[in-house]
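Just add 3 to wherever you are in the sequence shown, counting from 1, and you've got the numbering used here. Heads up, the beta-carbon is just placed ideally off N, CA and C, and yes, glycines get one too. These figures come from a predicted structure and were not determined experimentally. What follows is a short report on a single structure.
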Amino acid sequence: MTPQRRARNDAIARLARREHSRRELHDYLRERDYLRALSDDELAERQAAGEEGAPAALSRDEVELLIEEVLERMAEEGLQSDERFAASFLRMRVLRGQGPRRIQQELRQRGIDNETLNAVMRAASDPTPDVFGHVEAVDFFELARETLARRFSGPGEGHKERARRERFLLQRGFDYEQLRYAMESAWSDEGEEG
Numbered sequence: 004m005t006p007q008r009r010a011r012n013d014a015i016a017r018l019a020r021r022e023h024s025r026r027e028l029h030d031y032l033r034e035r036d037y038l039r040a041l042s043d044d045e046l047a048e049r050q051a052a053g054e055e056g057a058p059a060a061l062s063r064d065e066v067e068l069l070i071e072e073v074l075e076r077m078a079e080e081g082l083q084s085d086e087r088f089a090a091s092f093l094r095m096r097v098l099r100g101q102g103p104r105r106i107q108q109e110l111r112q113r114g115i116d117n118e119t120l121n122a123v124m125r126a127a128s129d130p131t132p133d134v135f136g137h138v139e140a141v142d143f144f145e146l147a148r149e150t151l152a153r154r155f156s157g158p159g160e161g162h163k164e165r166a167r168r169e170r171f172l173l174q175r176g177f178d179y180e181q182l183r184y185a186m187e188s189a190w191s192d193e194g195e196e197g
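See the structure below:
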């Protein structure tokens, strides 16, 4: 099996488990040592073509080129998409109760460019149908309120308890406006229910 075929099969197997960004797949494939080693058939082909002193392994540059070719082809075929990954990642993090700042930071760490990031975040907050079609509208103010109410039973007594709740939301990636909204409204409807 050629290194291209091995890289493609490995990438497809990885994508079968969950969506991955292009950078994540690139880093994963680069770590695969077997990509550098040529099979016996490939060595025989190179020697038959007159490459007597042909190396038994691909150089780092050849591996990088091979990985880029494989990833480009997969993107053209629709098997890998940073937009699809970002939308899926956003949904997953919203279900965990994380705010927009943290989601954006994590997407940047995974190699999502600003243009794609902004498009997905806009689509997430826009209730109208979008380019990606599968991103539902997210109200981060309500998400902050729900996350806070789920974690804490009440606003807390005293300054320390209130600061603890504020730190919790900030660490989850919510901004100060969302924090303020959540602190004011998270427990206001409890008396109306009972």
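Option nearest residue i by Cα separation, candidates the options
i      : options                      : result
Arg96  : Asn12, Ala147, Ser156        : Ala147
Arg211 : Ala126, Leu61, Pro6          : Any answer about residue 211 is impossible in this case: the structure gives the chain only from 4 up to 197.
Gln174 : Pro158, Ser191, Arg105       : Arg105
Asp13  : Thr5, Thr119, Gly81, Leu32   : Leu32
Ser191 : Val123, Gly81, Arg63, Leu151 : Leu151
Asp142 : Met77, Pro6, Arg17, Tyr184   : Tyr184
Met77  : Gly159, Arg8, Gly102         : Arg8
Residue i to residue j span [Cα, whole Å]
i      : j      : result
Leu74  : Glu65  : 14 Å
Gly157 : Asn117 : 38 Å
Gln181 : Leu172 : 9 Å
Glu145 : Ser84  : 29 Å
His162 : Gly100 : 24 Å
Arg35  : Ser62  : 13 Å
8 Å CB neighbourhood of residue i in its chain, flanking five on each side removed
i     : result
Ile70 : Ala10, His29, Leu32, Arg33, Leu38
Own chain partners of residue i with C-beta closer than 7 Å, once the 5 adjacent residues on each side are dropped
i     : result
Ser91 : Glu22
Sequence-distant residues of the same chain with beta carbon closer than 6 Å to residue i, five excluded per side
i      : result
Gly194 : For Gly194, the predicted model reports a pLDDT of 39, less than 50, meaning its position is unreliable and no value from the coordinates is stated.
Local Cβ density within 10 Å of residue i, reported as buried at 16 or more and exposed below that
i      : result
Met4   : exposed
Ser24  : buried
Gln107 : buried
Gly81  : exposed
Leu98  : exposed
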